[in-house]
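Numbering (this note's numbering) for the sequence shown: 2 to 215.
The C-beta atom is built at its ideal place from N, Cα and C for all residues, glycine as well.
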Amino acid sequence: MKIVMLGAPGAGKGTQAKKIAARYQIPHISTGDIFRANIKAGTELGKKAKEYMDQGLLVPDEVTIGMLMDRIAEPDCANGYILDGFPRTIPQAESLTAALSDKGTAIDYAINVDVPDENIIRRMGGRRACLNCGATYHVEYAAPKMKGICDKCGSELVLRDDDKPETVTKRLDVYHDQTKPLIDYYGKAGVLKEVDGTKDLEQVFADIVKILGE
Numbered sequence: 002m003k004i005v006m007l008g009a010p011g012a013g014k015g016t017q018a019k020k021i022a023a024r025y026q027i028p029h030i031s032t033g034d035i036f037r038a039n040i041k042a043g044t045e046l047g048k049k050a051k052e053y054m055d056q057g058l059l060v061p062d063e064v065t066i067g068m069l070m071d072r073i074a075e076p077d078c079a080n081g082y083i084l085d086g087f088p089r090t091i092p093q094a095e096s097l098t099a100a101l102s103d104k105g106t107a108i109d110y111a112i113n114v115d116v117p118d119e120n121i122i123r124r125m126g127g128r129r130a131c132l133n134c135g136a137t138y139h140v141e142y143a144a145p146k147m148k149g150i151c152d153k154c155g156s157e158l159v160l161r162d163d164d165k166p167e168t169v170t171k172r173l174d175v176y177h178d179q180t181k182p183l184i185d186y187y188g189k190a191g192v193l194k195e196v197d198g199t200k201d202l203e204q205v206f207a208d209i210v211k212i213l214g215e
């Protein structure tokens with residue numbers, strides 16, 4: 002079972018990917034994790050990636066695809082995997098399709114966790130983080146016992162810059178421009194499945210399980 006997770010930043014696709022991985026006993030693979038592992042191990046691809054990252058540049062698709070193909074060739078991916086955060090663009094999706102095709106395989110499901118922009122802006126704008134111990138809260142869904150104070154260490158909670166409405170709006174603009182076309186791409190490939198991400202977290206997961214099977 003080879004799955005690509007789609008959805009806007011803040012839609013909850015990462016959370017669902019972890020739950021899918023646990024239920025179906027397949028690895029949850031993010032490009033960030035792959036980059037870190039390759040750089041730490043000092044692989045040739047890792048060295049190339051680091052050169053770009055050190056300059057603040059995006060890692061070229063061919064380097065990322067190379068790392069990804071190495072990762073999914075590992076034994077723990079024998080029964081499938083979930084890709085989270087890749088592909089982000091049509092050229093990346095086309096490169097992935099071609100690389101998998103060369104190995105005689107293909108993506109089985111592209112699951113889009115669909116959440117309207119206004120819900121995401123409200124959801125992310127309600128997040129609060131403790132910069133001291135790393136705990137996270139939400140003013141609506143997981144509020145601290147005392148407003149603005151971390152339950153764990155008593156430090157002040159803050160709204161991160163990443164979660165401010167103007168930043169979230171910019172990230173959503175990039176998503177709509179570059180990443181949303183993937184929904185059409187995988188739709189045409191006949192593997193797209195959509196779930197309503199505005200539902201309760203467990204209900205969203207139950208909907209995904211209905212798609213994937215018990």
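Residue i: first and last residue of the uninterrupted alpha helix (DSSP H) it sits in
{"i": "residue 120", "result": "118-126"}
{"i": "residue 147", "result": "No alpha helix (DSSP H) holds residue 147; DSSP gives it neither H nor E."}
{"i": "residue 140", "result": "Where residue 140 is concerned, there is no enclosing alpha helix (DSSP H), given that its DSSP letter is neither H nor E."}
{"i": "residue 3", "result": "Note, residue 3: premise wrong, no alpha helix (DSSP H); beta strand (DSSP E) at 3-7."}
{"i": "residue 184", "result": "182-189"}
{"i": "residue 21", "result": "14-25"}
{"i": "residue 166", "result": "166-175"}
Proximity to residue i [Cα-Cα], best of the options
{"i": "residue 24", "options": "2, 44, 36 and 55", "result": "2"}
{"i": "residue 165", "options": "59, 122 and 50", "result": "122"}
{"i": "residue 10", "options": "189, 183 and 169", "result": "169"}
{"i": "residue 75", "options": "27, 130 and 65", "result": "27"}
{"i": "residue 160", "options": "127, 133 and 151", "result": "127"}
{"i": "residue 22", "options": "39, 4 and 37", "result": "4"}
{"i": "residue 12", "options": "86, 53 and 41", "result": "86"}
{"i": "residue 95", "options": "189, 203 and 209", "result": "189"}
{"i": "residue 171", "options": "210, 137 and 125", "result": "125"}
{"i": "residue 133", "options": "175, 152, 144 and 120", "result": "152"}
{"i": "residue 78", "options": "120, 106 and 42", "result": "106"}
{"i": "residue 200", "options": "120, 98, 129 and 137", "result": "120"}
Residue i and residue j closer than 8 Å at C-beta
{"i": "residue 196", "j": "residue 108", "result": "no"}
{"i": "residue 33", "j": "residue 115", "result": "no"}
{"i": "residue 64", "j": "residue 51", "result": "no"}
{"i": "residue 88", "j": "residue 183", "result": "yes"}
{"i": "residue 150", "j": "residue 100", "result": "no"}
{"i": "residue 84", "j": "residue 6", "result": "yes"}
{"i": "residue 1", "j": "residue 173", "result": "Residue 1 lies beyond the residue range present for the chain, which begins at 2 and ends at 215; the question has no answer from this structure."}
{"i": "residue 137", "j": "residue 130", "result": "yes"}
Residue i to residue j span [Cα, whole Å]
{"i": "residue 154", "j": "residue 92", "result": "45 Å"}
{"i": "residue 80", "j": "residue 73", "result": "10 Å"}
{"i": "residue 135", "j": "residue 157", "result": "11 Å"}
{"i": "residue 177", "j": "residue 61", "result": "21 Å"}
{"i": "residue 186", "j": "residue 139", "result": "34 Å"}
{"i": "residue 71", "j": "residue 180", "result": "24 Å"}
{"i": "residue 40", "j": "residue 47", "result": "4 Å"}
{"i": "residue 103", "j": "residue 148", "result": "55 Å"}
{"i": "residue 19", "j": "residue 44", "result": "27 Å"}
{"i": "residue 205", "j": "residue 54", "result": "35 Å"}
{"i": "residue 215", "j": "residue 209", "result": "10 Å"}
{"i": "residue 90", "j": "residue 14", "result": "17 Å"}
{"i": "residue 82", "j": "residue 113", "result": "16 Å"}
Start and end residues, beta strand (DSSP E) containing residue i
{"i": "residue 107", "result": "Careful: residue 107 lies outside any beta strand (DSSP E) and carries neither H nor E."}
{"i": "residue 194", "result": "193-197"}
{"i": "residue 84", "result": "82-85"}
{"i": "residue 31", "result": "29-31"}
Environment of residue i [buried if 16+ CB atoms lie within 10 Å]
{"i": "residue 35", "result": "buried"}
{"i": "residue 29", "result": "buried"}
{"i": "residue 212", "result": "exposed"}
{"i": "residue 146", "result": "exposed"}
{"i": "residue 198", "result": "buried"}
{"i": "residue 142", "result": "exposed"}
{"i": "residue 110", "result": "buried"}
{"i": "residue 37", "result": "exposed"}
{"i": "residue 56", "result": "exposed"}
{"i": "residue 97", "result": "buried"}
Any chain B beta carbon closer than 8 Å to residue i
{"i": "residue 31", "result": "Absent from the structure: chain B. Only one protein chain is present."}
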